[in-house]
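In this note's numbering, the protein residues as written are 145 to 407.
Even for Gly, the Cβ is constructed at its ideal location relative to N, Cα and C.
Below is one structure, written out as structure tokens; comments come after it.
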């Protein structure tokens, strides 16, 4: 087989063109990496605000105000389990949120339903997701819902705030360390990938619920953070698409870097 491969002729752009191709692709990769760094900082910023307000109570003289309530999560958040059977719509293009997609790029994969073999949860823009699988690896996701058919793996728990205006607050609750610790204390399985969170038990988590005006003030503060976060992820998706489209065309000689400068 080595001998056969040695006989195969391939097109290689001239060295100066290879250098320019490398620079072009590197610029895209650097922008994607920079977006990831910014988003990590944005996540930390949102959680720092949440902890300051609702764990340390810094704006409230360090003490939980007396008119705040402590209630089970299930009173303020519902768990959605509405499913789609891909076989019912084999030609439909689905915006698929899966564990592998989260781990690889934190972006959904777009694929036809015929390529998907198991039922999926139906999503909308008001949902937020957290993985049941191996809770020691935190996977929490706000679906972008950029198409008409967003779905996710049933390895996620799908939450929705009962008051949609409070979504950012309850997303921050789910993203908090105190909820993560609760999740890790309510799992089945022995170790590693065999461990799973118990969805029904997550609804018994006791959440501190301030008056609506406090929740809305908090949501106003973090809204821009989450919008910026989503914009960065969607920009990174576009940059990956551009990179993956350009590379074969540049390497084959169909396009040159000079062509890109004129488009």
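### Query
How long is the line joining the alpha carbons of residue 214 and residue 355, rounded to whole angstroms?
11 Å
### Query
With distances taken from CA atoms, which of 285, 249, 280 and 231 is nearest residue 260?
231
### Best match in 238, 344 and 314 for proximity to residue 191 [C-alpha to C-alpha]
314
### Message
Per DSSP, what are the beta-bridge partners of residue 275 in this structure?
### Response
300
### Task
Please name the residue in 347, 185, 299 and 367 whose C-alpha comes closest to that of residue 277.
299
### Task
Go through the segment 287-370 residue by residue and report every complete run of the beta strand (DSSP E) that reaches 3 residues or more, in order.
294-296, 300-305 and 350-353
### Query
So what does DSSP say about residue 392, is it helix, strand or coil?
helix
### Task
Between the Cα of residue 258 and those of 237, 349 and 182, spot the shortest distance and give me the residue it belongs to.
237
### Task
Since I believe residue 283 is in contact with residue 275 (beta carbons under 8 Å), could you give me their beta-carbon distance rounded to a whole number of angstroms?
4 Å
### Query
Is residue 401 helix, strand or coil by DSSP?
helix
### Task
Whole angstroms is fine: what's the gap from residue 398's alpha carbon to residue 391's?
10 Å
### Message
Mapping the DSSP letters down to three states, classify residue 378 as helix, strand or coil.
### Response
helix
### Task
For residue 376, count neighbouring Cβ atoms within 10 angstroms of its own Cβ and tell me buried if that reaches 16, exposed if not.
buried
### Query
For residue 149, which residues of its own chain have a beta-carbon under 8 Å away from its beta-carbon, when the five flanking residues on both sides are left out?
none
### Query
Are the CB atoms of residue 187 and residue 325 nearer to each other than 9 Å?
no
### Message
Given a cut-off of 9 Å on the beta-carbon distance, is the pair residue 302 and residue 347 in contact?
### Response
no
### Task
Count the other C-beta atoms from every protein chain shown that fall within 10 angstroms of the C-beta of residue 316, then say buried if there are 16 or more, exposed otherwise.
buried
### Query
Of the choices 372, 199, 270 and 304, whose alpha-carbon is the least far from that of residue 219?
304
### Query
CA-CA distance, residue 297 and residue 265?
6 Å
### Query
Quick one, are the C-beta atoms of residue 312 and residue 358 less than 9 Å apart?
no
### Query
Taking the C-alpha atoms as reference points, what is the distance between residue 321 and residue 204?
21 Å
### Query
Of all the options 167, 177 and 323, which has the alpha carbon lying nearest to the alpha carbon of residue 408?
With the chain running from 145 to 407 in the structure shown, residue 408 is simply not present.
### Task
Please list, in chain order, all residues of the same chain as residue 309 whose beta carbon is under 6 Å from its beta carbon, the five residues on each side excluded.
none
### Start and end residues, beta strand (DSSP E) containing residue 254
253-256
#### Entry: Per-residue DSSP class, three states only, for residue 285
strand
### Query
Would a C-beta distance cut-off of 9 Å place residue 189 and residue 371 closer than the cut-off?
no
### Query
Taking the alpha-carbon positions, what's the residue 378 to residue 198 distance?
30 Å
### Alpha-carbon to alpha-carbon, residue 211 and residue 384
49 Å
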